[in-house]
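Okay, structure first, notes after.
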Amino acid sequence: MEIIGHRGCADQCPENTVAAVERAGQYVDAVEVDVRRCGSGELVVFHDERVDDLTDGSGRVADLTLAELRALDVGGSGEPIPRLDAVLEAVPPGVRAQLELKETGLAPDVRDRLAQAPVEASISSFRTDALESALELDWSVQTGYLFAEDPLANLRTAVEMGCDAVHPHFDLCLDTDVVEEAHAVDLDVIAWKAAKTQEEIATIRACGVDGVTADRWDIA
């Protein structure tokens, strides 16, 4: 079972930063980060639509320029909001980057950025339109569909789109047959919730999932 550093292991590092990816990448199988487009057009790594809760600034990522975002401090760490390029460069050799597309229209630019980076990567999204646009490209990338409810309906959606994996919420893996149903149609299962304890890791491993996101690397 893969341990995937959620936002670069957000309990131990300033989330979605170059420092987080460099540090967490020393201990996990993959690092997961969130991708958005900023107001000046570049791809940046940040989870929320707005910067207010996590930085010393305010406003929507989509309205702020790269220079304005780079001037912000993530969680008082001294780390700025990074470009996707910088994050990809920070992924250690042998570690996969799992890129969650937070918006539609990102796939062509993500593909181009990955073509310049010597890193294995997969993409995921809650947005079917974001995944469909990626799957329409001439691009052999692993794709995963994220969801938090209606596991069988969303599993069918993933199959219809041609995804390689499903990313159901942690609790769905425990309480439904989604893991078995996904494996029956040759889809990998990556559980998300950002596990924080050894007990959660042991519980989800017993379900037979192929991977789980975690906020700490020292619980595996």
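Positions 1 to 220 (the working numbering) are the ones given, in order, by the sequence shown. Ideal placement from N, C-alpha and C gives every residue a C-beta, glycine not left out.
Please look up how many angstroms separate the CB atoms of residue 213 and residue 193, rounded, as I've assumed it's under 8 Å. Position 213 of the sequence shown, counted from the first residue, corresponds to residue 213. Position 193 of the sequence shown, counted from the first residue, corresponds to residue 193. Right, the Cβ-Cβ distance comes to about 7 Å (below 8 Å), so this counts as a contact.
Starting from residue 35, trace the beta strand (DSSP E) both ways and give me its first and last residue. Mapped onto the sequence shown, residue 35 falls at position 35. Going by DSSP, residue 35 is part of the beta strand (DSSP E) stretching over 30 to 37.
Ends of the beta strand (DSSP E) at residue 96? To locate residue 96, count along the sequence shown from 1; it is residue 96. Per DSSP, residue 96 belongs to the beta strand (DSSP E) from 96 to 101.
Can you tell me whether residue 156 is buried or exposed? The criterion is at least 16 other CB atoms within 10 Å of its CB, across all chains shown. In the sequence shown, counting from the first residue as 1, residue 156 sits at position 156. With fewer than 16 other Cβ atoms inside 10 Å of its own Cβ, residue 156 counts as exposed.
What does the Cβ neighbour count give for residue 62, buried or exposed, with the cut at 16 atoms within 10 Å? In the sequence shown, the residue the question calls residue 62 occupies position 62. Classification of residue 62: exposed, given that the 10 Å Cβ count is below 16.
Do the CB positions of residue 87 and residue 45 come within less than 8 Å of each other? For the purposes of this step, residue 87 is identified with residue 87 of the sequence shown, where counting begins at 1. For the purposes of this step, residue 45 is identified with residue 45 of the sequence shown, where counting begins at 1. Here residue 87 is near residue 45, since their CB atoms are less than 8 Å apart.
Between the C-alpha atoms of residue 190 and residue 13, what's the straight-line distance to the nearest angstrom? Taking the sequence shown and counting its residues from 1, one reaches residue 190 at position 190. Taking the sequence shown and counting its residues from 1, one reaches residue 13 at position 13. C-alpha separation (whole angstroms): 22 Å.
What is the rounded straight-line gap between the Cα of residue 75 and the Cα of residue 54? As a working mapping, residue 75 is identified with position 75 in the sequence shown. As a working mapping, residue 54 is identified with position 54 in the sequence shown. Within the model, the alpha-carbon separation for residue 75 versus residue 54 is close to 5 Å.
Ordered along the chain, which non-local residues of its own chain (more than five positions away) have a Cβ less than 8 Å from that of residue 219? Here residue 219 is taken as the residue at index 219 of the sequence shown, counted from 1. 195, 196, 197, 198, 200 and 201, listed in sequence order.
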